[in-house]
């Protein structure tokens, strides 16, 4: 019943968006090529699916996303687990982290392109930067705030070093880290598009730039729509994975 | 002959709000192998601090703790502590929790299962092996923790108000079980509590402690056999004797008022 209700909510909400779009289209004085109707965007979507460009661009983007996001999460979690155990060392690293964190990942873009050229790497690097800091900071703070009883139990049963980290500390703080991992997913997806708009010749972000260059606003809007849908799908995929893991913890 | 556990002139000082605070002041204590000792006293008397010092979790400001001729500096797998809030790993099910210590001892997987099962049966949790801690009651969780401690066959078991968070009926049941297990497994047990009846029910000797500064008021030998009856006259007699010890503290207050 609840699921049915939420489906109803989704349909009404999207229908309202399309309606507003259609009204704006009918009222606007722009040419059709610059401001297309929802139906025109839909036809453009079909066209892209038929020609195969959409699928291949999605594939390229997903590959970059997966490479950047998963390597960022792995690196941030491992580094966070180490630094969380060494608060004195982190005091020296934290100022640098705080300095780098507020810099928009796109600011690095020209520099990354200069170093690596156009291609997969700039987009992957951007996603890495976008996902890395939230996960690192949430891991360090989770390890620092770990319930001391876990450390006492590990000490008592003589579980030390890396065994303590993987057997006790990581699983104990995982529910807190999961939050950061989840936040990073959304941020990473946002910056993938930015990265591909500047530093790539393929992918969904490039497809937007390419559509603009060809004055195909219908393709442009259809691509934006696809980016939104994939974002939702990734989010719900992670949510269900998170739920499954937290269930193992007996938390939900 | 020197005793199994020797605490000599133990002092523990804390600085709290710029004021020095004596959690333990010159405490000396001898415990024999196989004894069931209860550290009894009001909060702030240093009973948990003393337990943590003997268990190796906490370091003394002055004085020493020796176990079996060795100075205590770190916790070891031979001296297991049972905590009030159980200390189970919520992502592991019951049997995997109980196996934890056996993994350190590098015991093969199959053998681990057999040993863990033996102690799960001993604490009365047969059939709940696959449950996760969140699916168990507080009393059951503490039983898991006790089973986990026993699997590594420790010489000493420290218990820090282990039944403090449980309801009265569950607590009594667990007291009976821990008494049975202690006789059966012949462990040295040091048990912290603020419940006089619990101490009289369990202990061979009760170490009565007082606060400000934390110190030993008196050590009471409990002249009761293995089968203890909470309403028998000799049980009530020992309990009254301990109550009297605490009454001395109120008399101190009365003097203060005069």
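Chains as they are written, first to last, in our numbering: chain A, 606 to 857; chain B, 4 to 261. Virtual Cβ for every residue (Gly too), placed ideally from N, Cα, C. Just so it is clear, the structure is predicted and the values come from calculations on it, not from any experiment.
Runs of 3 residues minimum, wholly inside the stretch 9-38 of chain B: which ones carry the beta strand (DSSP E) assignment?
22-34
Kindly indicate which three-state DSSP category residue 787 of chain A falls into: helix, strand or coil?
By one-based count along the first chain, residue 787 of chain A stands at place 182. Residue state, collapsed to three classes: helix.
In the stretch 147-178 of chain B, which residues sit with their C-beta less than 8 Å from some C-beta in chain A, listed in chain order?
155
For a test of your reading of the model: does the CB of residue 794 of chain A fall under 6 Å from any non-hydrogen atom of the ligand NAP? Yes or no.
With respect to the ligand NAP, the structure offers nothing, as it holds no ligand at all.
Classify residue 73 of chain B as helix, strand or coil using the three-state DSSP reduction.
Indexing the second chain from 1 puts residue 73 of chain B at position 70. If DSSP states are grouped into helix, strand and coil, residue 73 of chain B belongs with the strands.
Neighbourhood of residue 751 of chain A by C-beta distance below 7 Å, restricted to the same chain and skipping five residues each side
Start at 1 with the first residue of the first chain, and residue 751 of chain A comes out as number 146. Here the set comprises 774, 777, 778.
How about residue 10 of chain B and residue 32 of chain B: do their beta carbons lie closer than 7 Å?
Here residue 10 of chain B is taken as the residue at index 7 of the second chain, counted from 1. Here residue 32 of chain B is taken as the residue at index 29 of the second chain, counted from 1. Taking 7 Å as the Cβ cut-off, residue 10 of chain B and residue 32 of chain B qualify as a contacting pair.
Residue 713 of chain A burial status per 10 Å Cβ neighbour count (16 or more: buried):
Here residue 713 of chain A refers to the residue found at position 108 of the first chain. That one is buried.
Inter-stretch contact at 8 Å, needing at least 3 Cβ pairs: the stretch 779-790 of chain A / the stretch 729-743 of chain A:
yes
Residue 854 of chain A: contacting residues in chain B (beta-carbon distance under 9 Å)
If you number the first chain from 1, residue 854 of chain A lands on position 249. Residues of chain B passing the Cβ test: 93, 94, 135, 137.
Give a yes or no on whether 7 Å exceeds the smallest Cβ distance from residue 205 of chain B to chain A.
In the second chain, the residue the question calls residue 205 of chain B occupies position 202. Cβ-Cβ to chain A under 7 Å: no for residue 205 of chain B.
Less than 7 Å between CB atoms is the rule here; does residue 257 of chain B satisfy it with respect to chain A?
Taking the second chain and counting its residues from 1, one reaches residue 257 of chain B at position 254. For residue 257 of chain B, the pLDDT reaches just 47, beneath the cut-off of 50, and the residue's location in the model is therefore unreliable, although a value from the coordinates is still provided. Cβ-Cβ to chain A under 7 Å: no for residue 257 of chain B.
Could you tell me the alpha carbon to alpha carbon distance between residue 780 of chain A and residue 851 of chain A, rounded to whole angstroms?
Position 175 of the first chain holds residue 780 of chain A. Position 246 of the first chain holds residue 851 of chain A. Distance between the alpha carbons of residue 780 of chain A and residue 851 of chain A: 7 Å.
Quick test of your reading: residue 101 of chain B and residue 134 of chain B, contact by CB under 8 Å. State the CB separation rounded to the nearest angstrom.
If you number the second chain from 1, residue 101 of chain B lands on position 98. If you number the second chain from 1, residue 134 of chain B lands on position 131. No, residue 101 of chain B and residue 134 of chain B are not in contact; Cβ-Cβ is about 12 Å, not under 8 Å.
Would you mind giving the Cβ-Cβ distance between residue 225 of chain B and residue 243 of chain B, rounded to the nearest angstrom? I have them listed as a contact below 8 Å.
Indexing the second chain from 1 puts residue 225 of chain B at position 222. Indexing the second chain from 1 puts residue 243 of chain B at position 240. Not confirmed; about 13 Å, so no contact.
Compare the C-beta of residue 80 of chain B against all C-beta atoms of chain A and say whether one is closer than 7 Å.
Position 77 of the second chain, counted from the first residue, corresponds to residue 80 of chain B. Residue 80 of chain B counts as touching chain A.
In chain order, which continuous runs of the beta strand (DSSP E) of length 3 or greater are located wholly inside the stretch 114-191 of chain B?
159-163
Minimum Cβ-Cβ distance from residue 813 of chain A to chain B less than 7 Å
For the purposes of this step, residue 813 of chain A is taken as the residue at position 208 of the first chain. For residue 813 of chain A, the answer is no, since every Cβ of chain B falls outside 7 Å of its Cβ.
is_contact[residue 17 of chain B, chain A] using C-beta, thresh 7 Å:
What you label residue 17 of chain B is simply residue 14 of the second chain in a count that begins at 1. Judged by the 7 Å Cβ criterion, residue 17 of chain B is not in contact with chain A.
Can you check whether the C-beta of residue 721 of chain A is within less than 7 Å of a C-beta belonging to chain B?
Here residue 721 of chain A corresponds to residue number 116 of the first chain, with the count starting at 1. So, not an interface residue.
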